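Engineer: First the structure, which I've put down as structure tokens, then a few questions once you've had a look.
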Amino acid sequence: MRNLYRILVILAVVAVFFIAFLFVTSNRDLVILDLLVDQWHWEVSLGVLVIGVLAIGLFAGLLAGIGLRGLKSLFS
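Following this line, the structure appears as structure tokens:
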């Protein structure tokens, strides 16, 4: 019974995440990022920004999880 409860909680959390993710990625409003470089602005839709930040975070997590030594052994 405890495992069933955990599975239902995980499914509920994943469902809420996907609903929020679909809501954010379907947003077509433009976001203007004012970067530190003088007079340089980046105009991007909110959905593209969220997916980009998610991809960068996943890549950083992959590097931290595998480690540089493990990554080097994959390519040699």
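The sequence shown begins at 1 in my numbering and counts up one residue at a time.
For glycine and all other residues, C-beta sits at the position ideal for the given N, C-alpha and C.
Being a predicted model, the structure only gives us computed values, none of them experimental.
Give the secondary structure of valine 50 by DSSP, where H, G and I count as helix, E and B as strand, and everything else as coil.
Structural biologist: The answer is helix: DSSP assigns valine 50 an H, G or I state.
Engineer: What first and last residue would you give for the beta strand (DSSP E) that runs through isoleucine 36?
Structural biologist: Reading the sequence as shown, one finds leucine at residue 36 and not isoleucine. Unbroken run through leucine 36: none, as it is neither H nor E.
Engineer: For a test of the three-state rule: what should DSSP assign to serine 73, helix, strand or coil?
Structural biologist: Of the three classes helix, strand and coil, the one that applies to serine 73 here is helix, per DSSP.
Engineer: Counting pairs of beta carbons, one from the region 29-42 and one from the region 59-66, are three or more of them closer than 8 Å?
Structural biologist: Because the criterion of three Cβ pairs below 8 Å is not met, the region 29-42 and the region 59-66 do not touch.
Engineer: Does the beta-carbon distance from serine 45 to arginine 28 come in below 8 Å?
Structural biologist: It is a contact, given that the beta carbons lie within the stated cut-off.
Engineer: If you compare alpha carbons, which of Leu54, Val14 and Val31 is closest to histidine 41?
Structural biologist: Nearest C-alpha to histidine 41: Val31.
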